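Numbered according to our numbering, the sequence shown spans residues 15 to 384.
Glycine is no exception: its CB is placed at the ideal position from the N, C-alpha and C atoms.
Model, not experiment: these values are computed from the prediction.
Presented below is the structure to which this report refers.
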Amino acid sequence: MTSNRPLFKHIRNHTALFSELSRYRNIAVQGLGLSQYEFHKTPKFVAEDGRRLTIEPERSIVLPNVEQLKGVKSKLEKAIPTLTMVEHSEIGYRYPTAALAGLDAPFIKRMRSEYFHKVDEDRSICRPVNLSYGIKSRGKADNRQEYEVWMPDEAPEQNPLPLLIDLYGEDLPNDVRHFVEQPSKVHGWMGVKRAAFEALYQNKEICGDLVICVAMSVDAYNIGARPDLSFSPEAESSIAASNAELEWEIEGYYAPRDWEFDHDMVWAAINHTLAAINAPLTDLYANTILPVVESKTERILSTLKSLGVQQDEIDDMNLQPWEFMLNESSHRVKSHDPSRPVNLLGRLNRLFYQEDRKLPSLNWMHDLIT
C-alpha cells in the first residue's frame, strides 16, 4: 500500500475511515488559514411548499474509458485556483450495484454493496458486505432526491421501508414511500472500481465565508449483459458495456463558528460549486464526453434493453440481490446441467476480473488521476 494513501488501511473499517477523513479535511481547512471554522453537512432542501427534501447535489461526466482521465486532479487544480485538494483523502472502493426497478419506474431503486477480499484470499475473488438500499429520483443532470439505508447483515431481504422511515421521517415523501413498498427484483448489474478523493472550494463573491466540501470520484465500470450475468449471445460475453465516470458531489461545507445559517445562500453556493467544477471539465473533455443523461442505475437498464432482454425474462428469473452474496444458489441450477447449482457470486466476480474486461486496481487508478 502506498504511504501517501493512509486511508487505504481503513478500507474495512468505516468508522475509522470517516473519522480519519474528517481529520484530514479539518487539517486542509486550517492550512487555508481559516481558524474557528466548523463543518456542516449538506442541509435539507426546503421546497416552496415547505417540504423538506433529502437532495443529492451531484454531477458527473461519462467517458469511453478511464485512461482518458489521466492527471485529472492536477488539471482541475490548475483550472480552478480556489479548489484545494485535501491531502491524504484518497480512498478506493470496489462494489457491485444492482438495478431493482425497470425503465418505466417513477424512481430508481437499487442495491449496492462494498466488496472486500478475505485475508490471504486469492485477489481475483471478492465478497460483498454492507448491503445498502437506495431510492433516487431519475436522471443525473439535476440535484436529485436520494434516500439510502444499510440493510442489516443478518436480514438483507427485509422490507427497507421501516429503516427509511426511521432515518428520514418527515423528509420521506409519500411517492417515495409508496415506491419503496413495491416488490424488488434484479434487472441487471454493474461492477465498479472507484478512486475517490476530496477537495475544498472557495469563492468569496458568491459563497461568502463558506468553504464547500466536494467529494470527487473516478469510476471504472462493467455492466452485465444479462440480469443473472450469464453469457449473452448478443454481446458474446457476460459483460455488455464498459465506461468510466468522473463524479463530483457536495457533501457539506465549513462556516465560521458564529455564522448564521441561511438556506438560500447555502444552496446558491452549492449549485455554484457544481457549475464551477463542471466548466473546465466540459472544456478539457469536450471531444470525448459521452452524451449520457442517465444515472449509472439507468445505464444498466438501458444497456440490457438494447440487448433485447425482456421484462418477462426478468420476471421469470425473479433474482434477488442478496443471492449474489452466496457462493452457491440453493434453488438455481445451470440450464445445461440441472445437477450443478449456479454460483452467482462467481458470476458477479466476472464484472471485476473477467480476463479481457478486467477492471484496473484501485492504486493504479489513483496513480492515473493524480
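Beta-carbon separation (whole angstroms), residue i vs residue j, contact threshold 8 Å
{"i": "F130", "j": "V190", "result": "Not really, about 30 Å apart at Cβ, beyond 8 Å."}
{"i": "Q368", "j": "S256", "result": "Going by Cβ atoms, the distance from Q368 to S256 rounds to 10 Å, so no, they are not a contact pair."}
Simplified DSSP state of residue i, which is helix, strand or coil
{"i": "A42", "result": "helix"}
{"i": "N377", "result": "helix"}
{"i": "P110", "result": "strand"}
{"i": "W336", "result": "helix"}
{"i": "T16", "result": "Low local confidence applies: a pLDDT of 48 at T16 is under 50, so the model's placement there is unreliable, with the coordinate-based value given in what follows. T16 falls in the coil class under three-state DSSP."}
{"i": "T98", "result": "strand"}
{"i": "R37", "result": "helix"}
{"i": "C227", "result": "strand"}
{"i": "D351", "result": "strand"}
{"i": "D330", "result": "helix"}
{"i": "L21", "result": "helix"}
{"i": "Q159", "result": "strand"}
{"i": "D242", "result": "coil"}
{"i": "V143", "result": "strand"}
{"i": "R191", "result": "helix"}
{"i": "I383", "result": "helix"}
{"i": "E72", "result": "strand"}
Under 8 Å between C-beta atoms of residue i and residue j
{"i": "T2", "j": "T111", "result": "Any question about residue 2 goes unanswered here, given that the chain covers just 15 to 384."}
{"i": "S103", "j": "F245", "result": "no"}
{"i": "G222", "j": "T56", "result": "no"}
{"i": "S127", "j": "L145", "result": "yes"}
{"i": "E261", "j": "E72", "result": "yes"}
{"i": "E162", "j": "G148", "result": "yes"}
{"i": "W203", "j": "L362", "result": "yes"}
{"i": "A258", "j": "A249", "result": "no"}
{"i": "L97", "j": "E91", "result": "yes"}
Cβ shell of residue i (< 8 Å), same chain only, five flanking positions each side left out
{"i": "K89", "result": "P294 and L298"}
{"i": "I94", "result": "Y215, A290, I291 and P294"}
{"i": "L31", "result": "L21, H24, I25 and I105"}
{"i": "L321", "result": "A239, R240, S246, E248, A249 and A254"}
Backbone CA spacing between residue i and residue j [nearest angstrom]
{"i": "T384", "j": "N332", "result": "43 Å"}
{"i": "A42", "j": "Y268", "result": "11 Å"}
{"i": "F275", "j": "E263", "result": "21 Å"}
{"i": "N188", "j": "H286", "result": "30 Å"}
{"i": "L288", "j": "K132", "result": "38 Å"}
{"i": "G47", "j": "V225", "result": "12 Å"}
{"i": "T16", "j": "F22", "result": "Caution applies to T16, whose pLDDT of 48 falls short of 50 and renders its modelled position unreliable; the value that the coordinates give is listed next. Cα-Cα distance, rounded: 9 Å."}
{"i": "S49", "j": "R37", "result": "14 Å"}
{"i": "I179", "j": "S198", "result": "18 Å"}
{"i": "D326", "j": "L117", "result": "14 Å"}
{"i": "H28", "j": "L186", "result": "26 Å"}
{"i": "V306", "j": "K123", "result": "19 Å"}
Contacting residues, own chain, Cβ-Cβ under 7 Å from residue i (five flanking each side not counted)
{"i": "V200", "result": "A112, L114, P241, L333, Q334 and P335"}
{"i": "S343", "result": "E337, P355, V356 and L358"}
{"i": "K348", "result": "R354 and V356"}
{"i": "V194", "result": "I149, P174, L175 and L178"}
Cβ shell of residue i (< 6 Å), same chain only, five flanking positions each side left out
{"i": "V206", "result": "Y109, D233 and Y235"}
{"i": "W378", "result": "none"}
{"i": "L304", "result": "V76"}
{"i": "A229", "result": "E212, E263 and E265"}
Minimum Cβ-Cβ distance from residue i to chain D less than 8 Å
{"i": "D63", "result": "Absence of chain D from the displayed structure is noted, only one protein chain being present."}
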